[in-house]
Structures are given as C-alpha cells and as structure tokens.
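Here's the structure we're looking at; comments come further down.
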Amino acid sequence: MHISEGVLSTPILIGGGVLTVLGLSIGLKKIDYDRVMEVSILASTFFVASLIHVPLGPGSVHLILNGLLGMVLGWASFPAIFIALLLQAFFFQYGGLVVLGVNTFNMAAPAVLCFYLFGPLVSPLVKDPQRRALAGFAGGFFSVFFSGILMSSALALSDSGFFSIAQMVVAAHLPVMIIEGFITMFTVSFLAKIKPEILQS
Amino acid sequence: MTFEKFSQGESLLHRTDTRVKLVSAISLTLVIALCQSFYTSLAGLTVGLLLLTFSRLNLRFVFWRLMLVNSFIAFLWITLPLTYPGDALCVVGPVTLSKQGVALAALISIKANAIILFFITLLATSTVVDLGHGLESLRLPKKLCLILLFSYRYIFVVHQEYHRLLRAAKLRCFKPRTNLHTYRTYAYLFGMTLVKSWNRAERVGQAMMLRGFHGRFYSLEEKTVTKVDVIFLIIMISAAIGFAYIELMK
C-alpha cells in the first residue's frame, strides 16, 4: 500500500504533504499528554498488524486495518499512521520521506472517514451484535477501498499515463478489501465482548 | 526479528551527528524526488553509491533490501511499457512496448533507488531513538516525537505478545488457509493483542505519571556537532544544490 519515492509529480507530493500536515495538527490537538501513551502503543500495535500475513489462495496479504484504527482512535489515527509509516521507512525503507505525506493521507483520511461513518455503529451502546458486525465489515471494507481509490488517484493525477496502473491498483485491492472487512468485523465483535471501552472513542 | 539492521557499525556515516544526517537526507531526497531528467537522477544514484561505500555496510544485506523495496518498481516495469501511451519501441505479437513507458520506468527506478540509498546510508545508520531526538531538535512537534519514541519502544513488546498468541494457536493445530475460520482466528489473535496493548498503555501511562513525567526525555548523551559534521553537511547540501543546478540547466 505504499507508493515509492520518485513516482509522483510535484503538485501531488505537495498536496499530500499539506493535507497530512493539516490532519496531523488536528490529530495532535485532540491528543493531550495523558493520551500519548495510548496512541503510541496502538500505533505500534497497528505496525505489528502490518507484519501479520494472512493466507489468500496461493499467496498471502498483510493486514492494514486502518478502518479499525480509525474507529478506535478517530483523528488521532493521523499521527498514529504517520508514525507507523515513518517507522516502516526507517526499518525497511518502504515508502520514503517526501512521499510520506501522500502515503499518510491515503491511509489516514479513510480511517477518519470510517470513524465518522461507522464509529457510532460499532460503539458499545449499540445493542444489536449483527448490526455491529455489519458496520465492522463495512468499516474494514470501505477504508481499504477508499485508500485504494486515493492511491490510484494520486497516481493518475501525477501522470495521465499511469491511468491503467491506477485501475490495476484498485483491482488488486478488491480481495484485500474483503479480507479486511471480515477481519475488522470479527475483531470489532470480539472487542465489544471483551473490552468494549476500546470502541468508545 | 531484527528491525534496525543497518544502525550498528563503525564508519564515517555511523559517527556523523543524526541531525546533520537528517538535514542532508531530506535535502538530497527532495531534489531527487522532484527531478525529471536522467542526468540529475544518475548523479543522485552516483552520490548514493558513494555514500554506500563510505557507510561500510554489509553489501549483501543492502542488495537484498534494495531487491525487496524494488517490488513496486518491478510492478511499474511490468505495466508501464505496456500501458503508457507513446511511440512503439518494438512490437511483440499483439503487445506493443512504448518507448516513453520504458523511459519513464527507467527514470523512476534510478530515482527510487538513489533515494533508498540515501535513506539506508544516512538514516538507517542511526538508531530510531537518535532519530527521534534529532527530529525533536529539528522542531518536529513534541507530541509526535514522543509518539515515535514510545511506539518504537513498544513495537517489540507487542510483536512478542502477538507471537505468543500465535504460538499458542499453532500448538492447538491451527493451520492458516483461505477460509473464514482462519480469518476469524487471526481477528481474535489481533483483537487480544489490541486488548493487551490497551491495558499495557494504561499501566505504563500511570507509571510514567507517578514518576512525574511531563512530556520530555532527558538524554544522557548531549550530542555536539563537530567540525567533521559541519564539513559533511556542507558537502551534502552542495551536492543537493548541484543536482538542482543540473536539473535546471537541462
């Protein structure tokens, strides 16, 4: 889910950077010092999620779970995803510094959207477990869908010749969306039973 | 699992001050990421390779890391020549390879690899803790640096915790396949990891508060910028300006 350094055009890189700085400043404003620990450990948990490979046919895909992160952290997902991507760049050199803005926005904006769309539907106040499961599935599915759309529009807007690659990116995300939907659905139902306060944001 | 493979070593680049390396890496990356010409990107790749020889890293590790990171680039090589509109370079049966597509894929590969080399030699040769403190002294928001340092601290703990759960599942004959049972199991494993992390965050937060933490780490090793660091910074910045000059002259 990363765009490499050196691919995108200057306006897209600047645009993504500006949007990410905006998201970061809103996110950081919403975190007071008492919540720093919570956001940090959840950021590392979601970093670990990206190391979990689940089987898909003959291959495997790694989890993203930005929908779940959004439902749990809200606007704080911007700093959490920014840090997780920065650490991935430091550790594995995936992504990069200049493209970090675009990559963060591609993952964090859908997370925040999921927070507003599906956050209330998965909260412990909802008594109907089936509706919660459905909202969980939708959250996982659509967050990856929107990330795929954002990623491919970043590519397509950079250079019109990238258009067919952008289409392929969306197509490649389809199976991931379904898996993320199921995993988010099961995790949300699990959390609602075991530790409902996580979903309270 | 070893995450910071390149941070240990004895070389000019390992000794250079982290802030100096951060500024150099950001300026070099910025110019190369934005450049459009082959000359500039090739100059960037040359500087990257030069830095690599100065860093005295294990070249085999660096090679495998480059291979891994180039997967997205490989995807571009497969698709761009076939889909990019432009003059035909050659026609193989029904397939037309576009000249502009090949050129673009080549340019992107050079740029991306130059930047990855900057990253490995300038940033991966520092530990994340140093980078966190370096970013803080470069005026990145304090909270963001705290989150960076804390997440780095707990990644390994959370990773171990997840693996303990996975091991327990495997002992109970869990075999991952493409089915709902597998996805449910992974979801529960991750959910449990999340619950444990949540509880840990609460405990650690309380413990820090008890010890009077108010949002600042006091580093024991005060780093000073030496003469060598200043010379290094000047060379790197001039390289970046040189790239910009090549780019604008073209």
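Line by line, the protein sequences give chains L and E. Just so we're aligned, residue 1 is where the first sequence starts under the numbering used here, counting upward by one. Just so we're aligned, residue 1001 is where the second sequence starts under the numbering used here, counting upward by one. Backbone N, C-alpha and C fix where the C-beta goes; we use that ideal spot for every residue, glycine too.
Neighbours of L/LYS30 across chain E, judged by C-beta separation under 7 Å, do not exist; the nearest C-beta is about 10 Å away.
For E/THR1053, no beta strand (DSSP E) encloses it; the enclosing alpha helix (DSSP H) starts and ends at 1038-1055. When 7 Å is used as the limit between beta carbons, L/PHE186 is near these residues of chain E: TYR1183, ARG1184, ALA1187 and TYR1188, in chain order.
Residue L/PHE137 holds the alpha-carbon nearest to the alpha-carbon of L/MET177 among L/LEU199, L/PHE137 and L/ASP159. Under a criterion of Cβ atoms nearer than 8 Å, the residues of chain L adjacent to E/MET1208 are, in order, MET37. E/VAL1095 carries a strand assignment under DSSP once its states are collapsed to helix, strand and coil. Counting only Cβ-Cβ distances below 9 Å, E/TYR1162 has contacts in chain L at THR45, VAL48, ALA49, LEU51 and ILE52, in chain order. The three-state secondary structure of L/PRO175, taken from DSSP, is helix.
Contact annotation: E/TYR1218 and L/PHE182 have beta-carbon atoms that are not nearer than 7 Å. If you look at E/LEU1144, you'll find it in the alpha helix (DSSP H) that goes 1142-1171. In the three-state DSSP reduction, L/CYS114 falls in the helix class (H, G or I). For E/HIS1133, the uninterrupted alpha helix (DSSP H) segment begins and ends at 1128-1137. Spatial neighbours of L/LEU87 in its own chain (CB-CB distance under 7 Å, excluding positions within 5 residues in sequence) are listed in chain order as PHE47.
Between the alpha carbons of E/LEU1107 and E/LEU1076 lies a gap of roughly 11 Å.
Judged by pairs of C-beta atoms under 8 Å, the region 1050-1064 of chain E does not touch the region 1147-1159 of chain E, as fewer than three such pairs exist.
The straight-line gap separating the alpha-carbon atoms of L/LEU56 and L/VAL188 is approximately 21 Å. Counting the other Cβ atoms within 10 Å of the Cβ of E/LEU1171 gives fewer than 16, which makes it exposed. For E/LEU1131, the chain L residues whose C-beta falls within less than 8 Å of its own C-beta are PHE90, listed in chain order. Shortest Cα-Cα distance from E/LEU1165 to any of E/ILE1147, E/ILE1110 and E/LEU1189 involves E/LEU1189. When the Cα atoms are used, E/PHE1232 and E/VAL1020 turn out to be separated by approximately 8 Å. Take the alpha-carbon of L/LEU28 and the one of L/HIS2: they are about 23 Å apart.
Here the alpha carbon of E/LEU1013 sits roughly 7 Å from the alpha carbon of E/THR1125.
Taking C-beta atoms under 8 Å as the contact rule, L/SER160 and E/ILE1073 fail to qualify, at a distance of about 20 Å. Scanning chain E for C-beta atoms nearer than 8 Å to the C-beta of L/LEU86 yields LEU1148, reported in chain order. Counting along the chain, E/PRO1085 sits inside no beta strand (DSSP E), nor does DSSP assign it H or E at all. Around the CB of L/SER60, fewer than 16 other CB atoms lie within 10 Å, so the residue is classed as exposed. Within chain E, THR1079 have C-beta atoms less than 7 Å from the C-beta of L/MET168, given in sequence order. Shown here, L/VAL48 sits in a helix according to DSSP, grouped into three states.
Taking a C-beta distance under 7 Å as the contact criterion, L/ASN103 and L/LEU85 qualify as a contact pair.
Between the alpha carbons of E/ALA1240 and L/SER77 lies a distance of about 34 Å. In this structure, the alpha-carbon of E/HIS1181 lies about 12 Å from that of L/ILE179.
Around the beta carbon of E/ARG1065, a 10 Å sphere encloses 16 or more other beta carbons of the protein chains shown; the residue is thus reported as buried. When C-beta atoms of the region 25-45 of chain L are compared with those of the region 1197-1214 of chain E, three or more pairs fall below 8 Å, so the two segments count as touching. Ranking L/VAL122, L/GLY74, L/LEU51 and L/ARG132 by CA distance to the CA of L/PHE115 puts L/GLY74 first. Under the three-state reduction of DSSP, L/GLY148 is assigned to helix. Contact between E/ALA1033 and L/GLY6 holds, since their C-beta atoms are separated by about 6 Å, short of 8 Å.
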